[in-house]
Structures are given as C-alpha cells and as structure tokens.
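Each remark here refers to the structure printed beneath this line.
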Amino acid sequence: MPVEQTFDASEHVVIPGLINAHHHFYQTLTRAFPPAMNKRLFPWLTTLYPVWARLQPQQLALATRLALTELLMSGCTTVSDHHYLYPDGLENAMDIQVEEAERLGMRMTVTRGSMSLSEKDGGLPPDSIVQDDDEILADCERVLNKYHDKSDGSMLQVALAPCAPFTVTKHLMRETMGLAHKHNCTCHTHLGETLDEDDYCVEHFGCR
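So the sequence shown is numbered by this note's numbering: it starts at 357 and just counts up by one.
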C-alpha cells in the first residue's frame, strides 16, 4: 500500500505485531472500581454485575475504542475480545465493536459471548444480564452471517463464546458448539480459572 511517510529504522528492532487472545473491553470502565478490588472471582463478579448491567451502547463504544487504542499503542495488532454482556439496550454489541475495530484498523476476532443461566436457575449472574438460549443462538447466527470472514489474512472473524460453566446452560454450550462447526468458526470460553469455579463444577457436574 502507498505510504505518506517513511523513517529510518536501522537502529530499531522490528517485531511482528503482538496478539491478545482474550480481552474484556467493557471492563476497562471498571478496572479501578474500589468495591471490587482484591476480591476472589465470584465475589468480584457479583459486585460488578449490577454496575455492568447499566452499560449502554455509547459506553461500550468508548470502552472498545479505549481498549483498542491502548493495545495498538502497546504493539498489539490482533485481538480477540470476549464480550458476553447483553443487558437491555445492548443487543447490538457486536456491531458496535466491529465499527470501532474497523475505524482504528485493528485485526479482530469479535466473540459473540453469552450468559443464559441466571442466579435463580443456579448460575451466578442476575436476571438483568442474561438472555434465553434461543435469543442467543439467533444472534450468533446473525453475527456469523454478517461479519465472519474466513479468508486468509482476514481483518475480521467471529468466534462463539459461552461465558463459563456457571453462566450458561448445558443446552446452550452444546448448541453453540454445533453452530461453530456449521460455520467453521472458533469456540472460546472461560474454564477452571479459580477455585471458585472448580468448586462450582464439582458441585454441579461432579468433575473439575
């Protein structure tokens, strides 16, 4: 591609762009939130869920722009963001992230994450930030059809990303895997991050 400026890099080290394979852009807005600091995973999440439940489109756009800018300035040229938060009004989260990535020229895998198992059904998140399985799967299909570019050197791909065993149903996990196979895309999740999650899995699934 034609360039407008060149510089002498003879005294520099040139390396390939770095890759961040797992990020949560929206959490840049709460990374110094005092009530959540120094807590174990589950208490940290339950402290922040009510805050994240108020996330609006403009806030997600700004968080995405901030995170992408920080990454680019640190030498990262490819990123995967695990976005699983869909409170009311944020149904177009993937569209927002794609727009911001294209604006800044970042190669990105947007991950259509999901949470469908609320606290009342034995999960961890409150009702305000979960969706039902059918709604999630329909939007996964929409996002894949609209954005997933499987070509070599693609600047934009889609992965499917059920959040964790304590936030999604078994049915959703299985159906998501089937959809990923259908579209030849990656699946992504959290698994066995902490003792909290290990204990949950032993209690509910009989294994770690």
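The C-beta atom is built at its ideal place from N, Cα and C for all residues, glycine as well.
Computed from a prediction, not measured in an experiment: that's the story for all the values here.
Exposure label - residue i; buried when at least 16 CB within 10 Å
i    : result
F363 : exposed
I485 : buried
M511 : exposed
T425 : exposed
E458 : exposed
C563 : exposed
G475 : Rather than Gly, the amino acid found at residue 475 in this sequence is Glu. E475 should be labelled exposed.
R387 : exposed
Q513 : buried
H368 : exposed
F561 : exposed
V370 : exposed
Candidates the options: closest to residue i by CA position
i    : options                   : result
G479 : R463, V370 and T402       : T402
D444 : Q513, D554, R410 and P521 : R410
E553 : D489, M429, L374 and P399 : P399
A417 : L446, M393, F389 and T434 : L446
L493 : E531, N540, Q412 and H378 : E531
H539 : G431, Y503 and V369       : Y503
Q415 : Y442, C432 and V369       : Y442
H378 : F389, V359 and C432       : C432
D488 : G534, F381 and K526       : K526
Beta-carbon proximity of residue i to residue j, cut-off 8 Å
i    : j    : result
Y405 : P518 : no
V435 : N376 : yes
L397 : T550 : yes
C541 : A515 : yes
G469 : Y440 : yes
Q453 : D437 : yes
C496 : L535 : yes
L427 : T384 : no
V499 : M529 : no
Limits of the unbroken alpha helix (DSSP H) element including residue i
i    : result
A536 : K526 to H539
T434 : Note, T434: premise wrong, no alpha helix (DSSP H); beta strand (DSSP E) at C432 to H439.
A457 : A449 to L460
V468 : For the record, residue 468 in the displayed sequence is Arg; it is not Val. Here R468 belongs to no alpha helix (DSSP H); instead the beta strand (DSSP E) covers R463 to S470.
E553 : L551 to F561
V499 : D489 to Y503
Opening and closing residue of the beta strand (DSSP E) in which residue i lies
i    : result
H379 : L374 to H379
L516 : L512 to P518
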